[in-house]
Amino acid sequence: MSNIPSKKQILEWIAQNPGKTGKREIGRAFGIKGTDRIDLKRVLKELSTDGLLEKEKRRFRSPDTLPPVSVLRCTGADSAGDIWAEAIEWQGKGAPPRIQ
4 MSNIPSKKQI LEWIAQNPGK TGKREIGRAF GIKGTDRIDL KRVLKELSTD GLLEKEKRRF
64 RSPDTLPPVS VLRCTGADSA GDIWAEAIEW QGKGAPPRIQ
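The structure is reproduced here in structure tokens:
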């Protein structure tokens, strides 16, 4: 299991590469091959169970971030005329982030 990155390294890599978060891409990024993939799968499952990752189809992401594509609801405009929106299907902790 020496080739398997730590949970912290996996979370940092996913945060830096939001479009490439599948198990295959994570394995390639850390040079994981052969039977070490089983250990990677176990670590990803532990992260999901702990609530640090969320699995959508074949991709992993932090549950407190917006997915790359999201449906937004416009909530209004400020005095400068900038439009503000929020995600309709927010499942993270706390209030949904405001998007400008």
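Following my numbering, the numbering of the sequence shown begins with 4 at its first residue and continues without gaps. Heads up, the beta-carbon is just placed ideally off N, CA and C, and yes, glycines get one too.
Exposure of residue i, with buried meaning 16 or more beta-carbon neighbours within 10 Å
| i | result |
| --- | --- |
| Ile17 | buried |
| Ile35 | buried |
| Gln103 | exposed |
| Ile86 | exposed |
| Thr24 | buried |
Residue(s) in a DSSP beta bridge with residue i
| i | result |
| --- | --- |
| Ile102 | Ala88 |
| Phe63 | Lys58 |
| Ala80 | Ile86 |
Proximity winner among the options, relative to residue i (alpha-carbon distances)
| i | options | result |
| --- | --- | --- |
| Leu43 | Trp87, Ile13, Gly22, Pro21 | Ile13 |
| Val72 | Ser9, Glu15, Ile7, Gly22 | Gly22 |
Discussion item. So, does the region 75-88 touch the region 52-60, judging by three or more C-beta pairs under 8 Å?
Written reply: Segments in contact, no.
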